[in-house]
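Residue 350 in UniProt numbering is what sits at position 350 of the first sequence, and the numbering runs on without skipping anything. Beta carbons are placed, not taken as given, at the ideal position from N, Cα and C, and that holds for glycine. Read the structure below first, then the notes.
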Amino acid sequence: MSSTVETSSPLLDGLNPQQREAVLYRGPALLIVAGAGSGKTRVLTHRIAGLLESREAWPSQILAITFTNKAASEMRDRVRSLVGQAADGMWISTFHSACVRILRREAEQFGYSKNFTIYDSGDSRALLKRIIKEREADVLGFTVATAASKISKLKNELADVESYARGANFNDPAEVMFTQIFRDYSRELSSANAFDFDDLIAQTVYLFRAFPHVAAEYQKRFRHILVDEYQDTNHAQYALIRELTKAPEEVDVGLFSSVEPASLTVVGDSDQSIYAFRGADIRNIVEFERDFPGARVVLLEQNYRSTQNILSAANSVISNNFDRKDKKLWTADGDGDKIVGYTGYTGHDEAQFVADEIQGLRDKGMAYHDIAVFYRTNSQTRALEEIFIRSAIPYKVVGGTKFYERAEIKDSMAYLIAVANPADTLAMRRILNTPKRGIGPATETTIASFAEANGMTFRDALRYAGELGLGPKVTRSIDDLSQLLDEASVMADTRPDGSGVPEVLGLLLSRSGYLDALRASRDPQDEARAENVEELLAVTKEYQRNNPEGVLLDFLTEVSLVAAADDLDDSSGSVSLMTLHTAKGLEFEAVFLTGVEEDLLPHRMSAGEPGGPAEERRLFYVGITRARKRLFLSLAMTRAQYGDVSVALPSRYLQEIPADLIEWKQSPGMATSRGGTQPRALNARRDGYGGSYSVPGGRPTTPKPKTEWANAVTGQMRDNSALELAAGDRIKHTDFGDGSVMAVTGEGARRIAEVQFDGAGRKRLLIKVAPIEKI
DNA sequence: AGAAATATACTTTTT
DNA sequence: GTATATTTCT
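Here is the structure:
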């Protein structure tokens, strides 16, 4: 059944024995346990190239699933550089893109039409908001967020309304209500001819299970299925893979199935599982060998990315997670520089450190695009951006508040959706009175009830404006809009003079008066909005240039499925800022991991979740292992969040790194000073995790007294809560020198002094913990 | 209907 | 502090 072909080919050059085995093994199932930086992409691409080169598979028989579109195109490029044009017929895409592709082809099999549109989470939330309001479900404690996450969880478990209702407790009014919400939501989605993100996977599984002849087509077609980041697959994705790797059911009666199940290769690392909150089930990878009996397992532990110091830190952090197979990353390339640590006084101070170090790296010849700054939450970008702008460091925030979430962009997109998928009432309602054309809620209701009474869609009801008994002005507005949509639709379908998406959007934006309304507005923000809309026009042009054959629906699909990491441009010449989640799968010469504080990393929200702190530790591990040469860990003693300032403690994970790996430019020791005893002293032994903590009970070996973790050890800590300060006082700060107090605000532990320093400028200081004294 | 003013939550990570 | 929801006013 299985064999390992012994050959020597360029595809094997420079691979270590384990990598070679992973490339060469042939059999029904292969699990590659790939530690961070162990060359798994290389292994995957060489494996694919090997299959193509030896003619074991045609390109069209290969399905490779990656986590992001960027990873997909990278993989395609690398296979192409190995085998040339043969790479072109393969399916290399994300789970979601692959499912869209299948669903578009098969939609008509089960009551959808192939021009369905995709609801992003914002669309889902908007729909749920309306449903919850209509049902007055908020009195039972339902919010959009709770309903959305519950529905998402259910869909990821492949539950639908009926199966949920079967198990529901009808004596519980909340469960009855939720069933109704879920039912309304599903009904609205299907009547809008739309899928949400979770549907894309779940409905594909449903399609395969309900229509074995459809499933058989794909089971026969795909002979080799490869899945990257397998540790982050959820149950629905797992089920999809299971369906695809079943032996195709032979339709001809009485014949043996002559087609073997597809061969499955999965790559993953349970230590990098960071999407449990999204339904990822680590058991998928842990129990792979049980799921696929006879599976071969190959372990890749040699690391080709990072220095040994970085790897040692990563190993020692992750070893604190119990319930994992022991795995140690190692490199043959030497220790490298020490990890640099810094404790800022505030988030701004921390950002300043990052900016200064980036300039230092730059002076030594490192390019900006080789540097990345990571953080746990998106809101942490603000301080970084402010300082970066002031320091003239070019940067790009990857992901975050996205372009496509802006209202003006959603409006423009809604026009396109209304043309591509007239059944999508949500989009229709959005543009109905955008720009203002005198169609208010009352008119909207009239149209909706007319549509319902006559069994037509909302869109078609617009064609009967004259029969709604409305005023002449409103009737005229509706007519105009309806005609504009028809014209745009004809243009999109027939593409006169080679026109495409940009022309359709241009027509809609100009004839609807939307763009003019923005330009004519006296709200200064509308100028920026108009620019954003023009930016979207530019995006469509770019799209059409890259995809001359692409139609409106293709454009909409692509936009719906972009991942945060997709818009990362390697040649941009700027520093990349992103969340730790977005950073997965990427690598940089130098990495700054910021905000390494309790309540941030691990995030306070994770404390209650079972397995939360362990998942946060994996997140920290992922961040550390992105770095090739230099790693910087930073935190702040105080962090400003929405208005007020709170005291921050160093993350528990910091002490899990051996002390001799970190060189503190400014340690948390003098920074963590708090009043009273310390229930969570920095190097206190913690329940369950005895492991390695970085600070020995005695004196740290760091030379400067400033960098000692002194307070945690000696118990001497600063507590200035008794310090009286008023405007006009002179003070001395250990870092900033002498200065004058300009103002004191706040009360008790929150007292803040605004100080004009003679040498260091104006700072706001939290008096309780500031290293200051009156002079 | 629409704009302006005031109140009110909400802050984890994302395909 | 921000974005959104609700209100009040024109």
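| Item | Value |
| --- | --- |
| Selected residue, minimal CA-CA separation from leucine 300, among Gly365, Val267, Arg324 | Val267 |
| Threonine 182, buried or exposed, once every other Cβ within 10 Å from all chains shown has been counted against 16 | Here the sequence assigns phenylalanine to residue 182, which means threonine is not the residue at that position. By the neighbour-count rule (16 or more Cβ atoms within 10 Å), phenylalanine 182 is buried. |
| Closest residue to threonine 425 among Ala194, Asp138, Lys396 (Cα-Cα distance) | Ala194 |
| Nearest-angstrom Cβ-Cβ length linking arginine 626 and alanine 583, presumed shorter than 8 Å | 5 Å |
| Residue ranges of each beta strand (DSSP E) within the segment 12-91, 3 or longer | 29-34, 62-66 |
| Contacting residues, own chain, Cβ-Cβ under 7 Å from glycine 347 (five flanking each side not counted) | Ala383, Ala636, Arg639, Ala640 |
| Close Cβ partners of valine 259 (< 7 Å) along its chain, the five nearest in sequence each way excluded | Lys220, Ala247, Pro248 |
| Euclidean distance between Cα positions of aspartate 567 and valine 398 | 7 Å |
| Cβ contact check for the segment 606-616 and the segment 297-313: 3 or more pairs under 8 Å | no |
| Contact belief for lysine 155 with alanine 210 at Cβ below 8 Å, rounded distance in angstroms | So it is not a contact: roughly 16 Å between Cβ atoms. |
| CB of glutamate 587 within 8 Å of CB of leucine 649, strictly | no |
| Residue nearest to alanine 64 in terms of C-alpha spacing, selected from Gln544, Ser54, Ile48, Ala34 | Ile48 |
| Start-end ranges of the alpha helix (DSSP H) lying completely within the segment 555-626, minimum 4 residues | 580-583, 612-624 |
| Any 3 or more C-beta pairs closer than 8 Å across the segment 87-106 and the segment 47-62 | yes |
| Helix, strand or coil at lysine 150 according to DSSP, with G and I counted as helix | helix |
| Chain-order list of residues whose beta-carbon lies under 6 Å from that of leucine 593 (same chain, five-residue window excluded) | Phe374, Gly623, Leu633 |
| Assumed close pair valine 144, leucine 128 - CB separation to whole angstroms, cut-off 8 Å | 5 Å |
| Alpha carbon of residue 796 to alpha carbon of lysine 396, nearest angstrom | With the chain running from 1 to 775 in the structure shown, residue 796 is simply not present. |
| Expected contact under 8 Å - CB spacing of threonine 457 and proline 422 to nearest Å | 6 Å |
| Reduced DSSP category for glycine 728 - H, G, I as helix; E, B as strand; rest coil | coil |
| Nearest-angstrom Cα separation, counted from aspartate 758 out to aspartate 271 | 49 Å |
| Residue environment, isoleucine 775, which counts as buried when at least 16 other CB atoms sit within 10 Å | exposed |
| Three CB pairs or more closer than 8 Å across the segment 336-356 and the segment 552-564 | no |
| Whether valine 100 touches threonine 557 by CB criterion (8 Å) | yes |
| Buried/exposed call for valine 755, threshold 16 Cβ in 10 Å | buried |
| Pair within 8 Å by beta-carbon distance, asparagine 284 and tyrosine 230 | yes |
| Inter-residue spacing [alpha-carbon to alpha-carbon] between aspartate 196 and glutamate 385 | 33 Å |
| Reduced DSSP category for lysine 133 - H, G, I as helix; E, B as strand; rest coil | helix |
| Residue range of the beta strand (DSSP E) that includes serine 740 | 737-745 |
| Inter-stretch contact (C-beta, 8 Å, three-pair minimum) for the segment 405-412 and the segment 507-522 | yes |
| Classification of alanine 607 by the beta-carbon crowding that lies within 10 angstroms, buried from 16 upward | exposed |
| Three CB pairs or more closer than 8 Å across the segment 119-137 and the segment 147-165 | yes |
| Nearest-angstrom beta carbon gap, methionine 75 and arginine 135 [assumed within contact, 8 Å] | Actually they do not touch by this definition, with Cβ atoms about 46 Å apart. |
| Glycine 141 versus Tyr164, Lys114, Pro173, residue with shortest Cα-Cα distance | Pro173 |
| Spatially closest choice to glycine 122 from Ser449, Gln180, Arg430, Gln203, by CA coordinates | Arg430 |
| Serine 93, DSSP secondary structure in three states | strand |
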